[in-house]
Each structure stands twice: as C-alpha cells, then as structure tokens.
Amino acid sequence: MACMIRAVARRLSRQRFGVRFSSISSVVYERYGNPEEVLQLQTEDAIQPKADEIAFQMLAAPINPADINMIQGTYGMKATFPAIAGNEGVGRITAIGSSVTSKIKIGDHFVPNRPFWGTWRSGGVCPANDILIVPNDISPVSMSMMFVNPTTAYRMLEDFETLNEGDVVIQNGSNSGVGQAVIQIAAARNLKTINVIRARPDLIEITDYLTSLGATEVVTEEFAQSRKLRELIQTMGKPKLALNCVGGKSATALLQNLQQSGTMVTYGGMSRRPISVGTGMMIFSDLKLCGYWQSRWNDSNANSPALTKMLEDLYALVRADKLKMPRHEPRALSEFQEAVKKAWEPMTTTKQVFSMVR
Ligand SMILES: NC(=O)c1ccc[n+]([C@@H]2O[C@H](COP(=O)([O-])OP(=O)(O)OC[C@H]3O[C@@H](n4cnc5c(N)ncnc54)[C@H](OP(=O)(O)O)[C@@H]3O)[C@@H](O)[C@H]2O)c1
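To convert, count from 1 in the sequence shown and add 2; that's the numbering used here.
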C-alpha cells in the first residue's frame, strides 16, 4: 500500500506545471499555396500534456526558404493538414507528463527533432520523443538558427572531400544563412574560402561583413563568371570543394574552377535554373556532382556519434564566438504576413525570426 501511495505521489509530483498559458497562437495552413494567401493566425485554448507529452513555450523560430517551399508544396516532403508552419526553432519546457523520462526538466530548452514540427507558434504540447534537449547557455535566437543552416554547412565541409588546412572551398549564395556558416566553420578549420554573391547596392558593406566573419575572398557573380576568378585562383590554389545553392550559370562557374576530381555539392536551387555541366568536366576533369539534404542525414543519424560530435563542435564554436548566427529582425507572430514577405525579398542578408518572448 505504502508503495502504491509513493508511486502515485511520484507520478503526481512529476506532472509539474511551471508556467501556465491560457491561450496559444499558431501560424497555420490547411492547403498548399502562396503563403500570403494560405497562412492564418489561429488562437486556441492551451491544453495540459498527456502522460508521454511535454508542454512548452516557444522562444524563437526563424523563417527559412524551406519553410516557404513547404507552404508552397514544392518541398521534398509533404505536410499533413492542418499544419503549423515552421521547422526550426527553440522552446522551453513548461510542464512534463507523468511517464516522461526524468532526464527532461521544466525549464530545459529544446529543438524539434523531426520535420513539420510547426515552430511558428507561441506554445503547445507534443510527444516528449519529438524534441531534442539543448544547452540553455546559448541564446534562444542563436539556438533557434543552429539546426538547419550551420548543420548543413558543417556536414558539407566534413562529408564530401578530405579538407586540410589551406585548402580552398568555393561557394555561391555566400551571404545566405548556410553561406555565412560555411565561412565561419571553414575559417575555424583554417580553410580558405572564395565567396560568390550577387552584385547589390550595399556590396561593400556585405563584403566587409562576410570578411569580418572570416571570408578569404568575396567576389560578385560577374567576377566569378569571368577570367578574373581564374586569375584569383592562380594565387590562392584551385578549390577542392564547391557548394552550390543557386544553380544555373552560377553553378557552372563554380564547376569550371574546381580542381581535377573535385566535388560540387548542390544543396539549394535559389535561381530555379538547372545546372549545366560540360561533358569534358565529367570525363577529363573527373568532377563529382552530389546533392545534400540535411533532413536525410538527420533521418539516418538520430542518436549517432556523428550527431553528438557535430553538435558539440557547433556549440563550442558558438560559445567561442567563432560561429555567429545571421543578422536578424525580430518579429511577433502577429506580424507573420509581413515577416514572410520580407523573408522572400532578395538581397536582404537578414533573417526574419519570430521572437515569442519580448
Ligand atoms: N539541402 C539542405 O539540407 C539545406 C539546408 C539548409 C538550407 N538549404 C537551402 O539553402 C539555400 C539557402 O538557405 P538559407 O536559409 O541559408 O537562405 P537565406 O539566408 O534566406 O539566403 C537566401 C540566399 O539565396 C540567394 N538568392 C535568393 N534568390 C536568388 C536568385 N534568384 N538567384 C541567386 N541567388 C538567390 C540570396 O542572395 P541575395 O542576397 O543576393 O538575394 C541569399 O544568398 C536555400 O535554397 C535553402 O532551401 C538547404
């Protein structure tokens, strides 16, 4: 009997409630389409977690191109409707169901550990298995942007070519979130980077900014698609690895400047133009063309030593101030229309980030 009472008391004491919310706001969609047309803000009563669930408050969640593609229905995975928008973000645990492992505590920060989790919301409940606990000492805004772009940058620098100090990596879309992470992770590994960006009115400012992050060279698309890049490479060495998120002529310029048997990894297609490859590049230069998708890597690496090492390395870089997240504009959920529109605008070099604690 005493045993039973203790068990019930333990269960009750574990179903704790830190912060209570009376209502929850979420940015939702019930069909694919233009985000301006299909997204809406929904408010509903907060509910308590079931035995295997946690309740949470979201702290911050960025808007990434993939989020928009998911809403448009053009992403490599399909949503189940109604869906809450947003895939990346950080939350804080506010209550824990009675059967959830004691390793999870109220106040812990977490990130989603599966796609279509729905981060553009103020809070909610979810299965405890759908989250990954992360350190609380990294700011919510930084943590909210760690698990898509820096992980992609890290893996592309690790998994395709053996890169040694002094080796050269070339990339396009270098002012993107991924591009900025590539610059910083490469600099921390003493790799040299050639960073291609589109010409823009604030070219000097963006060049200085990327250089301050550790970029070795920043050049425009026009420069990269001319003989000037070949001349630059003569002084730096030919790149072993190219990272392409643009496609079209931009990708071809990267390929033309790779060293013999080098690799180009394509991870995005922002120009929506196909990649064209000269036959000689394949036969005589023996170039390798690969694709990379972080979601696929996550699927096959849940709880793997490679995941643990990557996160430890990335956390260490953030703590040492060697990996900064992109500049961002904080947004309330209620500003979702404007934020999504701004996130899709060209040449901003600024992330839109929903900030739920203001
Ligand atoms: N495969 C994966 O696992 C994976 C993971 C993360 C990200 N991604 C992809 O990587 C890309 C960048 O993501 P992000 O979050 O880093 O993006 P972001 O910070 O929003 O930056 C977008 C980038 O795309 C460039 N861009 C936009 N439209 C363009 C066009 N028409 N032609 C050429 N460049 C254009 C922008 O350049 P301007 O400043 O000149 O507009 C900017 O450099 C996206 O395609 C995203 O889906 C893929």
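Think of the CB as a built atom: it goes at the ideal place given N, C-alpha and C, for glycine as much as any other residue.
Since the model is a prediction, treat every value here as computed from it, not as a measurement.
Range covered by the alpha helix (DSSP H) that runs through K52 = Element bounds for K52: n/a, residue is neither H nor E.
Counting Cβ pairs, one atom from each stretch, are 3 or more of them under 8 Å apart for the region 341–349 and the region 57–72? In the pairwise beta carbon analysis, the region 341–349 is classified as touching the region 57–72: at least three pairs are separated by under 8 Å.
**Request:** Tell me where the alpha helix (DSSP H) around I185 begins and ends.
**Result:** Taken as a continuous stretch (DSSP letters only), the alpha helix (DSSP H) holding I185 covers G179 to A190.
Quick one: what does DSSP say I65 is sitting in, helix, strand or coil?
I65: coil per DSSP, three-state reduction.
- Task: Could you name the residues of the same chain whose beta carbon sits closer than 6 Å to that of R8, not counting the 5 residues immediately before and after it, in chain order?
- Result: With a pLDDT of 41 at R8, under the threshold of 50, the predicted position of this residue should be treated as unreliable, and no value is reported.
C-beta neighbour in chain B for A188, strict 8 Å: No chain B is present in this structure, which holds just one protein chain.
*Counting only the same chain and skipping the five closest in sequence on each side, list residues whose C-beta sits under 6 Å from that of S287.*
The answer, listed in chain order, is Q262.
_Here's a check: name, in chain order, each residue in its chain whose Cβ is nearer than 7 Å to the Cβ of F149, leaving out the five neighbours to either side._
Residues of the same chain with a CB within less than 7 Å of the CB of F149, apart from the 5 flanking positions on each side, are E90 and V113 in chain order.
Where does T154 land, buried or exposed, given buried means 16+ other C-beta within 10 angstroms?
-> Taking a 10 Å sphere around the C-beta of T154, we find 16 or more other C-beta atoms and assign the residue as buried.
- Item | DSSP state of Q261 mapped onto helix, strand, coil | Q261: coil per DSSP, three-state reduction.
Q.
Just to confirm, is the Cβ distance from T351 to I208 under 8 Å?
A. Yes, the pair counts as a contact, with Cβ atoms nearer than the cut-off.
request  = Taking A53 and S101 to be in contact with their CB atoms under 8 Å, please state how far apart those CB atoms are, rounded to whole angstroms.
outcome  = For A53 against S101, the beta-carbon gap comes to about 4 Å, under 8 Å, which counts as contact.
- Message: Between P37 and I70, how many whole angstroms is the CB-CB distance? I'm expecting something under 8 Å.
- Response: Confirmed, about 6 Å.
Check: Comparing the CB of P328 with every heavy atom of ligand 1, is any distance shorter than 7 Å?
Finding: Checking the Cβ of P328 against ligand 1 gives yes.
Check: T351 C-beta below 7 Å from any heavy atom of ligand 1
The nearest non-hydrogen atom of ligand 1 is less than 7 Å from the C-beta of T351.
I'd like to know if the region 244–252 and the region 269–284 are in contact, where contact means that at least 3 CB-CB pairs between them fall below 8 Å.
Result yes; three or more Cβ-Cβ pairs closer than 8 Å.
### Message
Buried or exposed for T45, going by 16 or more other Cβ atoms inside 10 Å?
### Response
Classification for T45: exposed.
**Study point:** Beta-carbon separation (whole angstroms), N197 vs L231, contact threshold 8 Å
**Key:** The pair is not a contact, with the Cβ atoms about 12 Å apart (cut-off 8 Å).
Considering only residues of the same chain and omitting the five flanking positions on each side of S28, which have a CB-CB separation below 6 Å? Cβ neighbours of S28 beyond the five flanking positions: Q44, I86 and R123.
Looking at ligand 1, does it come within less than 7 Å of A68, judged from the CB to the closest heavy atom? Yes, ligand 1 has a heavy atom inside 7 Å of this Cβ.
Measure the C-alpha to C-alpha separation of G120 and T281 and round it to an integer number of angstroms. G120 and T281 have their C-alpha atoms roughly 43 Å apart.
Same chain only: Cβ atoms within 7 Å of S178, ignoring 5 sequence neighbours per side: C247, listed in sequence order.
Beta carbon of K326 nearer than 8 Å to that of L245
Taking 8 Å as the cut-off, the beta carbon of K326 is found no closer than this to the beta carbon of L245.
Exercise for the section: Go ahead and label T103 buried or exposed: buried means 16 or more other beta carbons lie within 10 angstroms of its beta carbon, across all protein chains shown. Expected result: Under this definition T103 is an exposed residue.
| With E223 and A201 assumed to form a contact (beta carbons below 8 Å), what rounded beta-carbon distance in angstroms separates them? | Indeed, because the Cβ distance is near 7 Å, the residues count as touching under 8 Å.
Output needed for R13: all residues of its chain with C-beta closer than 6 Å, excluding positions within five of it in sequence on either side, in chain order. Because the pLDDT of R13 is 41, which lies under 50, any placement of that residue in the model is unreliable, and the question is left without a value.
**Message:** What does the Cβ neighbour count give for N174, buried or exposed, with the cut at 16 atoms within 10 Å?
**Reply:** Counting of Cβ neighbours within 10 angstroms places N174 among the buried residues, the total reaching 16 or more.
| In angstroms, rounded to a whole number, what distance separates the CA positions of T237 and D169? | Distance between T237 and D169, taken at the CA atoms: about 13 Å.
Run the CB neighbour count on I98, radius 10 Å, all protein chains shown included, and call it buried at 16 or more, exposed below.
-> I98 should be labelled buried.
Flag Y294 as yes when its Cβ comes closer than 7 Å to any non-hydrogen atom of ligand 1, and as no otherwise. Yes, the Cβ of Y294 comes within 7 Å of a heavy atom of ligand 1.
- prompt: Using the beta-carbon count (16 or more within 10 Å), is K353 buried or exposed?
  reply: Counting Cβ neighbours within 10 Å, K353 comes out buried, since at least 16 surround it.
For M283 and P51, what's the separation of their Cα atoms in angstroms? Here the alpha carbon of M283 sits roughly 57 Å from the alpha carbon of P51.
*asked:* I'd like to check one pair, A57 with T96: are the Cβ atoms closer than 8 Å?
replied: It is a contact, given that the beta carbons lie within the stated cut-off.
Q: Starting from I208, trace the alpha helix (DSSP H) both ways and give me its first and last residue.
A: For I208, the enclosing alpha helix (DSSP H) begins and ends at L205 to L215.
Self-check item: Limits of the beta strand (DSSP E) - the one that R94 falls within
Solution: Run containing R94: V92 to I98, per the beta strand (DSSP E) assignment.
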